């Protein structure tokens, strides 16, 4: 028979999976404590969490410069959390850490944010957004990515003529086209873009637990 504690933990995990933004701060702290206990139980030698926050800001202006110069505020903001690190992305990041020749950095010059309309569930074996026709990418906004402490922030803007379809998936890549490697993939219904400018921001933090 399941214990009362096990049932409570299972219920909390189910709520967290279905509606992570609905968790209270106290519940989030409880889950972090549970994660630390599980890490120790599984004998992980290093306990690091990859914490991700996605943010989409939607403007009526045709470009982000127009929106900023006019002082326009976004008419809608969508947020979500987490993603899946792709096998190819993890391999590329380890190559970069090791200084392996041929690895390409997710830098201001190289990084792109892709969006697409496919809502297929995330899987580590995927290589980026899945949509074949309804997909598009944008280069980094000026000054991005930024790095501070254990956090990196990527941001790109899709203007009035770009990515006008349902946004159901997103990924960060280190280039465009066939040779680009995707770090991660996120599936989330972020809305359908038909006009205006949408910015997509990804914040990644590495925290010890």
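Residue numbers (my numbering): 2 to 210.
We treat Cβ as the ideally placed atom computed from N, Cα and C, and that holds for glycine.
Quantities reported herein were computed from a predicted structural model and do not represent experimental measurements.
Buried or exposed by the 16-neighbour rule on C-beta atoms within 10 Å, applied to residue i
i, result
"residue 19", "exposed"
"residue 25", "exposed"
"residue 77", "exposed"
"residue 102", "exposed"
"residue 51", "exposed"
"residue 30", "exposed"
"residue 137", "buried"
"residue 188", "buried"
"residue 92", "exposed"
"residue 15", "exposed"
"residue 139", "buried"
"residue 87", "buried"
"residue 203", "buried"
"residue 167", "buried"
Selected residue, minimal CA-CA separation from residue i, among the options
i, options, result
"residue 57", "198, 206, 132", "198"
"residue 111", "178, 23, 187, 34", "178"
"residue 36", "54, 194, 13, 55", "13"
"residue 176", "54, 42, 129, 43", "129"
"residue 89", "157, 195, 174, 207", "174"
"residue 155", "107, 5, 65, 73", "107"
"residue 181", "43, 113, 121, 17", "113"
"residue 124", "170, 163, 151", "170"
Per DSSP, the bridge partner or partners of residue i
i, result
"residue 192", "168"
"residue 186", "85"
"residue 60", "198"
"residue 213", "Since the displayed the chain opens at 2 and closes at 210, residue 213 lies outside it and no answer follows."
"residue 80", "56"
"residue 173", "114"
Spatial distance of residue i from residue j (CA atoms)
i, j, result
"residue 143", "residue 8", "48 Å"
"residue 2", "residue 201", "With a pLDDT of only 44 at residue 2, under the threshold of 50, the placement of this residue in the model should not be trusted; the figure read from the coordinates follows. Cα to Cα, the separation comes out at about 46 Å."
"residue 149", "residue 83", "19 Å"
"residue 85", "residue 63", "32 Å"
"residue 105", "residue 5", "50 Å"
"residue 67", "residue 60", "10 Å"
"residue 147", "residue 95", "20 Å"
"residue 75", "residue 193", "15 Å"
"residue 33", "residue 41", "13 Å"
The beta strand (DSSP E) enclosing residue i, as first and last residue numbers
i, result
"residue 137", "136-140"
"residue 198", "198-209"
"residue 115", "113-117"
"residue 124", "Run containing residue 124: none; DSSP gives neither H nor E here."
"residue 153", "152-159"
"residue 101", "Neither: residue 101 is in no beta strand (DSSP E) and is coded neither H nor E."
"residue 1", "Any question about residue 1 goes unanswered here, given that the chain covers just 2 to 210."
Segment limits, alpha helix (DSSP H) that includes residue i
i, result
"residue 71", "65-71"
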